[in-house]
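Contents: one structure, followed by commentary.
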Amino acid sequence: MEVMHVMDRFKKQISRLVVLVMILSLMAPFTQVSKAASTFTETFNNLNLSGTSYVNGSFTGDNDVEWSYTGGRISNNDASFNIDGNGIMFRDVGAGISSSQIEGGISSLSIDTKAAFTTTNQRVLEVYVNDELVGTTDNVLAGQGPSTFTFDDIDVRGPFDLKFVKVGSGSQIVLDNITWTSNDEDPTKVSPVQASIPSGQIPAGEMVSFTTSTQDAEIYYSLNGGEETLYTEPIQINEDSVFDVYATSEALDNSDVSTYTYQVVQASTIKEARDNEPGSTVITSGVVTAVFAQGGANNIYMQDDEAGIVVRSTAVVEPGDRISVLGVLEDYNGLAQISAAPANVTVTAQEDVPATQAVPASGLSEAQEGMLVTASNVAIQSFASGNYNGVDENGNATVIRPVDPAITFDTGSTYESVTGVVGEYRGTYQLVPRTSSDVIFDSNQVSEVTADPAGGFVSAGDKIQLETATEGAAIYFTTDGSEPTVNSEQYVDGVELTKDSTVKAIAVKEGMTTSKIASFSYIIQKDEIRIHDIQGADHYSPYVGLAVADVQGVVTYVVNRNSFYMQSIEPDEDPRTSEGILVYRPSHGMIKGNHVKASGTVMEFFVEGYSDRAQNDLPVTQINASAVTKVADIVPIPDPIIIGGPEGVDIPTQIIDNDNLTAFEPEEDGIDFYESIEGMLVEVVEGTVSGPQKYGEVAVITNRGDEAYTQAGGALLKADDFNPERVTLDIDDERLVVKTGDTIATPAVGVMSYGFGKYKVLAGSGTVPTFADGGLEPASTTIVPNDEQLSIASYNIENFSANPSFTSNEKVTRIAQSFISDLNSPDIIGLTEVQDNNGSVDNGTVEADESYQRLINEIIRLGGPEYAYTDVAPEDKKDGGEPGGNIRNGFLYNPERVELTEGTRGTANEAINYVDGELTLNPGRIDPAGFVNTRKPLVAEFTFNGEEVIVIANHFNSKGGDQPLFGQNQPPVLGSEVQRIQLARIVNAFVQDVQAQTPDANIVVLGDLNDFEFSAPVQVLKGEELINLVETIEKEKRYTYNYEGNAQVLDHILVTNNLADRSEFDIVHINSDFMEAHGRASDHDPLLAQIDLREAAQPEEPGEEQKVIDLADYKDKKLNIFEDNVHIVASEKVKVKELSIRGTNVTFSGKGFKDIDVSLHPKKAGGEYDFTGETIKFVEVKHKNVSLLKGAENIKEIEVKGSAKKADILYLDSKGNEIDPFSKGKDKGKDKGNKAS
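To convert, note that position 583 of the sequence shown is 583 in full-length UniProt numbering; the numbers rise steadily by one, no gaps.
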């Protein structure tokens, strides 16, 4: 069989051209009567999937072919691995897709494939026709374009089916454009011979058989070039073998010769298998100790007498099975695993599960990976990101990561023993318990009470039986859900139930620890179960795991061909119980408006989310239906719940949850409010967009609380308010262009669902809203440049590189233009997320000189200054971020304005210090060893106008690992915060080191800290040494990033206390409120500070004759001062905004003058005014009696008007030197209206 590998041929239009050629050929004269071949293509455009989870499902494709897939996800939203529109992506070995029966025969087949993501593991598909292997694709490599594989001479007539199976490894591959040519002509030669085992590596002793689809044909083979032999029975292979095979028939030509080559792989022990290089094919065997279903396949732990290993496969095995495995050895984030097709996992015997081994005194290591072990006396200290962190009896750090969410541990408790298999993730060994029986709190504890039945449906009057395995123990119980004690009713002979009940029980025996409390929930069987019964007033259904029959509702929303939502026709009167529910039934065939009844099992289903969704997210209540019956074709749909507008329901505006989910209070807790309408039809009629569309989702504010919102009208994240009033609309359209401040023009109609850590309205298949432009425009900085002051910006430029495949030319232009137009070409720009020269291509490149130069060149082209750059390149793949991208912090600086102080550039792992008043490196990185797998702070010292300033650029670890706001754990555990606090301490300690030697050092700390201004990490960083300039501006402007509609501060500029009063600050909102269609250049807004590094001259002490006037004593916005010889004080929060001075010999002090307009109109000549040491917003000189302005350099704007003439006024700086404040090119040249600024 010929397999043709053609690169970069993948457009779907090809199939249309082929079809056209075929049609035209039918119109030509012909002499032979036969059916013309036709070509068909499956484009996957009908694949109705969303999200990034690998799931099982089916869909009706092109040409009415039904396709069923396992372990697949859609590929349509990332240019780095898309092929052409929709495609399907597979990750796990054994995942794949198969077709229904297709008519018309098949003579040839082609498919397009492409590697997804960046790992270098093998990505291969096996191709089957009628369950016979016709070939295997070549490996496709990460970073390459699509590949087309063609399989000719298939020669199958009549009905057939197709199957494509992922083999090789657990790396992702995309499949698209399955194209086949029909084969209805009368045959002229025998169909090719197919082998039961594809060419490749196989274990010794395998049996291979040969077949052909031509009836009554004989098959001949030669082995290793020997004589031809008639094939009669399967052949055992014990050594490397090459078979040349063909088939004959009297009435037809011989088939083409097919060649099958096999290399025999010798079996090895697990330890020997582990010692191979990743990518090697291995054969080994062992006894299964644990099986965990994860990500569409099974993680099978097996071990022999020496070692253990994980088998990644869809094979179905059980603990105690001895299995033989053939597969590819992989390194999955440090964990050794064998990826194996299910056919290559063979059960050879049943044995006892091996006895557990004690964790060594030295702790877990590579020697225990994959083995079943027991840790003793484990003290649980914390829980984060699905991991319980503790210490065992030998003081070893112990990480326990249960797969089963029912296995939990109490923080602060010590467990006598914890048994599990040993996994690994990026250097951290993890203990994975199999069941709750692997966790022993106290072996002297009475065994927990069990019940028969153990919950579920019962009839009124039924008795349940309680027992404990501890002989002689007494059982005490309650039936109202309260905690049982020895004073509760003692169990004798059954517990009679007459209503829905939660039975809780303990077992007690003298000399032993009382058992844990056991809890069992029972529901009295009703004649008719309705949706609100199933939903209940809770986040979890009381019917979970129970079978329900003929639950009725109206179809309100069809998710896909496998799922739909329905809603009760007869609701109850309890607003806390939802009347909607999700129904799962493959190929259900229902449409909106159908009146249906569903029978099946109630479950809590995690519809979509990240890999840890079972531990962190909330589920959606679902009927896993065994049958769905249509009662009536089309009936009226229930009225939707109105959200927004005067008739809309009130959504809590401040509290998400304040009771750890122990009370269900929809009127107070946002998380309970949304749960109370889960699955129900809603209509969002009014609302303001609270952030740009992302992933096809838009967050809107429909009813406002009393708290502050952003200047654009969006939700503003605050320390005590995470804005539960945000309503997420899932419109399933990433092409929608919408920004903060836009408003709903026409309503959204859909159902309330949940996914990726939040509730959301599914509107993609309902009524998609339209939006009216709110008029928001990107805003440039309000800071007026001052040649005598230093301007410093902080800007996260989002994975910027020199590689145009990852960073477009449009993005480069937008960022460069924002430096010039929006930030006024800052003197120094602290950059985060600068990637190496080739972006995310993972080939060891770490330098970023071309990335910086690409940006610098564009700034020059657009008319900006010629910046220089400095940074320290990281060690390859040691600083986090996109794999292969090697993001780092760096600086651009304008050498015409500032100078990089002379010094030695540090290396990736060299720590900068401050010794004898000087930096040991310039630039250098703070404590690289302390910043594991995240960006290291970059320190550089610059000189501006003779003044030195140390700038520290930071990019702390991301918030990945924090639990969601609307998750099952309340309050959410901020798992990532621990590392940021540690990093903040390190940076703050560096600042303290500098100040201990140089108390008045000028230090600026900036960057993406990945946390809020009120958060613990930022407070630790600030300490007593720094002022966060973010806290100096209006609340409405305090945001640099938008996440799910919450505007929040992630980027900061902090300065040492000595610079606080001499700093002006702005957050420039040009990105976070907008989409790329609006000109967005990054996902973060830049920040700008303008700092006067000169020490402020102290104003002269007021003389005894001067009267002190404190503006804090006045409540009016406008104030007239008529006295002479006064000293006016204005603190920062005074209410006076306009001050008219009619007296003379006046001095001014206080930070409040930066916001006050001062008008000078003295009553008598010789008016003198002293502004030394303070920034004055605006001074208007209105009369010729003004003769002297001292400290004039501190006045941001001067206007001379009326009878005054600028030439008659003496202008002095704070030191008494004569200056010309109009010499900066802003003098209008006329006495009336002269301005300086």
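In this text, a Cβ means the ideal position worked out from N, Cα and C, and glycines have one as well.
{"Check": "Which residues bound the alpha helix (DSSP H) around residue 676?", "Outcome": "670-676"}
{"Check": "Provide the residue span of the beta strand (DSSP E) that contains residue 1028, from first to last.", "Outcome": "1026-1028"}
{"Check": "Is residue 247 helix, strand or coil when you go by DSSP?", "Outcome": "strand"}
{"Check": "Comparing alpha-carbon positions, which option in 540, 684, 551 and 869 lies nearest residue 1243?", "Outcome": "Residue 1243 cannot be examined here, being either before or after the span of the chain that is shown, 1 to 1237."}
{"Check": "Which value, in whole angstroms, describes the spacing of the CA atoms of residue 363 and residue 396?", "Outcome": "6 Å"}
{"Check": "Within the same chain, show all residues whose beta-carbon is closer than 7 Å to that of residue 626, passing over the 5 residues directly before and after it, in chain order.", "Outcome": "599 and 600"}
{"Check": "Are the beta-carbon atoms of residue 928 and residue 936 separated by less than 8 Å?", "Outcome": "yes"}
{"Check": "Can you confirm whether the stretch 307-327 touches the stretch 271-282 when touching is taken to mean that 3 or more C-beta pairs between the two stretches lie within less than 8 Å?", "Outcome": "yes"}
{"Check": "Who are the near neighbours of residue 29 in its chain, counting only those whose CB is closer than 6 Å to its CB and skipping five residues on each side?", "Outcome": "A caution first: residue 29 carries a pLDDT of 36, below 50, which makes its placement in the model unreliable, though a value can still be read off. Within the same chain, residue 29 has no close Cβ partners at all."}
{"Check": "For a test of the three-state rule: what should DSSP assign to residue 402, helix, strand or coil?", "Outcome": "coil"}
{"Check": "Tell me which residues share the same chain as residue 1231 and place their Cβ nearer than 6 Å to its Cβ, disregarding the 5 neighbours each side in the sequence.", "Outcome": "Note that residue 1231 scores 37 on pLDDT, short of 50, meaning its location in the model is unreliable and no value can be drawn from it."}
{"Check": "Excluding sequence positions up to five away, which residues of its chain have a Cβ less than 7 Å from the Cβ of residue 940?", "Outcome": "870, 891, 900, 922, 923 and 951"}
{"Check": "Tell me whether residue 109 counts as near the ligand MG, meaning its Cβ is closer than 7 Å to at least one heavy atom of that ligand.", "Outcome": "Only the bare structure without any ligand can be found here, which leaves the ligand MG out of the picture."}
{"Check": "Any idea what DSSP makes of residue 1183, helix, strand or coil?", "Outcome": "coil"}
{"Check": "Excluding the 5 residues flanking residue 1083 on each side, which residues of the same chain have their C-beta closer than 6 Å to its C-beta?", "Outcome": "798"}
{"Check": "At which residues does the alpha helix (DSSP H) containing residue 1019 begin and terminate?", "Outcome": "1016-1022"}
{"Check": "What does the Cβ neighbour count give for residue 418, buried or exposed, with the cut at 16 atoms within 10 Å?", "Outcome": "buried"}
{"Check": "Let me confirm a value: residue 1056 is counted as buried when at least 16 other C-beta atoms fall within 10 Å, else exposed. Which label applies?", "Outcome": "buried"}
{"Check": "Give me the residue from 277, 267, 630 and 293 with the minimum Cα distance to residue 286.", "Outcome": "267"}
{"Check": "Given a cut-off of 8 Å, decide if residue 503 and residue 464 are closer than it, judged by their beta-carbon atoms.", "Outcome": "yes"}
{"Check": "Identify whether residue 97 lies in helix, strand or coil by the three-state DSSP scheme.", "Outcome": "strand"}
{"Check": "May I ask you to report which of helix, strand or coil DSSP gives residue 533?", "Outcome": "helix"}
{"Check": "Looking only at C-alpha atoms, which of 216, 737, 1001 and 981 sits nearest to residue 949?", "Outcome": "1001"}
{"Check": "Quick one, are the C-beta atoms of residue 713 and residue 740 less than 8 Å apart?", "Outcome": "yes"}
{"Check": "Look up residue 977 in the DSSP assignment and say whether it is helix, strand or coil.", "Outcome": "helix"}
{"Check": "In whole angstroms, give me the CA-to-CA distance for residue 1166 and residue 1211.", "Outcome": "14 Å"}
{"Check": "Expressed to the nearest angstrom, what Euclidean distance is found between the alpha-carbon atoms of residue 1192 and residue 789?", "Outcome": "15 Å"}
{"Check": "Just list the residues that DSSP pairs residue 1080 with in beta bridges.", "Outcome": "The partner list for residue 1080 (beta bridge, DSSP) is empty, contrary to what the question assumes."}
{"Check": "Assuming the contact rule is C-beta atoms closer than 8 Å, residue 1129 and residue 1110 should be a hit. Round their C-beta distance to whole Å, please.", "Outcome": "5 Å"}
{"Check": "If you follow the beta strand (DSSP E) that residue 321 is part of, which residue opens it and which one closes it?", "Outcome": "321-332"}
{"Check": "Quick check on the burial criterion: 16 or more other C-beta atoms within 10 angstroms. Buried or exposed for residue 204?", "Outcome": "exposed"}
{"Check": "Taking only the alpha-carbon atoms, compute the straight-line gap between residue 320 and residue 368 and give it to the nearest angstrom.", "Outcome": "19 Å"}
{"Check": "Report the residue ranges of all alpha helix (DSSP H) runs contained in full by the UniProt domain \"Endonuclease/exonuclease/phosphatase\" (933-1068); include only those spanning at least 4 residues, in chain order.", "Outcome": "977-997, 1016-1022 and 1057-1060"}
{"Check": "Does DSSP classify residue 203 as helix, strand or coil?", "Outcome": "strand"}
{"Check": "First and last residue of the beta strand (DSSP E) that includes residue 73?", "Outcome": "66-75"}
{"Check": "Would residue 1218 be called buried (16 or more neighbouring beta carbons within 10 Å of its own) or exposed?", "Outcome": "exposed"}
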